[in-house]
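These protein sequences, in sequence, are chains H and V. Everything in the first sequence is counted per full-length UniProt numbering, starting at 1 for the first residue and increasing by one. Everything in the second sequence is counted per full-length UniProt numbering, starting at 1 for the first residue and increasing by one. The C-beta atom is built at its ideal place from N, Cα and C for all residues, glycine as well. A short write-up of the structure that comes next.
Protein chains: 2
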Amino acid sequence: MDTAESETGDPQWDVLVATCPSRTSLARIANKWTAIIVIALGAERLRFTELRTRVQGISGKVLTETLRDLERHGIVARHAYAEIPPRVEYELTDLGRTLFAPLRALGDWAEQHIDEVERARDAYDDRVSG
Amino acid sequence: MDTAESETGDPQWDVLVATCPSRTSLARIANKWTAIIVIALGAERLRFTELRTRVQGISGKVLTETLRDLERHGIVARHAYAEIPPRVEYELTDLGRTLFAPLRALGDWAEQHIDEVERARDAYDDRVSG
DNA sequence: CTGAATCCATCAGGATACTG
DNA sequence: CAGTATCCTGATGGATTCAG
């Protein structure tokens, strides 16, 4: 191992390469809201408002926009029911489910290493301002 | 399994919770440039210009700023040598190395699922504009 | 309830020029 | 070489209001 372009071919598709289309894809998934939304939808299919409740702190506008774009990228599926009042449910697609583990891992990292990160941050700020 | 707060305790540190400090942390790591930089540094310690060359498309300013913040979060270590011309090398800290696998996984995902994503995008755009 | 539309503040990030 | 300092633009994202 392991520069990842060793024997499978396609060395041109490398996120380090600026022109690589996977860059666009990475920009979409390596994102705070994407991560949190995919994590929230990992457990269960949710309707708009439930989702908004779980993903605390997100505005309706941003949730809508992010969901639209995730839908466009084939990561989330949108199910609208012609009822009154309207009901719209969101769930991960098969593709989206393959993304759950990596993003959940990222969320876990953030949760598990909080202390170390905060200590590092305090130490750094001391070094700089102190 | 597995809502992850099952038996280890600390259910309050959940990225879904807006006030959770891990949010800040997640925002820092779930980011395009962070992912690419950590991936680039995963293989080897690099000096500024080498890094800038590998992380194609990043401006000097953004690279500097991102590295500073990663240093502050304890993810990257900066080694400056008092030489002329100056030499500064960056490498992942121990903490940063624990972040490599999750972010590399995200990069791999982007590279491996490019085709599916692009197909989904085309289909979506057809549905909308067509 | 879902979400489109609008307005507005903030910020990410690029270009350029300059310094030790 | 490795930055810092400015300036500037477009994107991000929050708040609010309105509509189906």
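*Environment of Ala123(H) [buried if 16+ CB atoms lie within 10 Å]*: exposed
*So what does DSSP say about Glu91(H), is it helix, strand or coil?*
strand
*chain V beta carbons: is any one of them nearer than 7 Å to that of Ser45(H)?*
Note on residue identity: the sequence assigns Arg, not Ser, to residue 45(H). Not one chain V Cβ lies under 7 Å of Arg45(H).
*Around the Cβ of Ile114(H), are there at least 16 other Cβ atoms within 10 angstroms (buried) or fewer (exposed)?*
buried
*asked:* By alpha-carbon positions, which one of Ala35(H), Ile84(H), Asp126(H) and His79(H) ends up nearest to Arg54(H)?
replied: Ala35(H)
_Quick test of your reading: Arg104(H) and Ile39(H), contact by CB under 8 Å. State the CB separation rounded to the nearest angstrom._
6 Å
*With burial defined as no fewer than 16 other Cβ atoms inside 10 Å of the residue's Cβ, what is the status of Pro86(H): buried or exposed?*
exposed
*To the nearest angstrom, report how far apart Val88(H) and Lys61(H) are at their CA atoms.*
15 Å
*Which residues, in chain order, does the stretch 105 to 119 of chain V contribute to contact with chain H at a C-beta distance below 9 Å?*
Ala105, Leu106, Gly107, Asp108, Trp109, Ala110, Glu111, Gln112, His113, Ile114, Glu116, Val117, Glu118 and Arg119
*asked:* Taking the alpha-carbon of Asp125(V) as reference, which of Leu99(H), His73(H) and Leu16(H) has the nearest alpha-carbon?
replied: His73(H)
*asked:* Could you give the first and the last residue of the continuous alpha helix (DSSP H) run that contains Arg127(V)?
replied: Ile114 to Ser129
_Assigned exposure category for Ile84(H) - 16 Cβ within 10 Å defines buried_ = exposed
*Would Ile84(H) count as contacting chain V if we go by Cβ distances under 7 Å?*
no
*Since Leu106(V) and Pro21(H) are thought to touch, with beta carbons under 8 Å apart, how far apart are those beta carbons, to the nearest angstrom?*
Their Cβ separation, rounded to whole angstroms, is 16 Å, which puts Leu106(V) and Pro21(H) out of contact at 8 Å.
*So which residues on chain H does Lys32(V) lean against when the C-beta distance must stay under 7 Å?*
Leu26, Ala27 and Ala30
*For Tyr90(V), decide whether its Cβ has a neighbour in chain H, counting only Cβ atoms nearer than 7 Å.*
no
*Within 7 Å (strictly less), CB to CB, does Ile36(H) reach chain V?*
yes
*Start-to-end residues for the alpha helix (DSSP H) that takes in Arg28(H)*: Ser22 to Ile29
_In the DSSP output, which residue or residues are listed as bridge partners for Val76(H)?_
Leu92(H)
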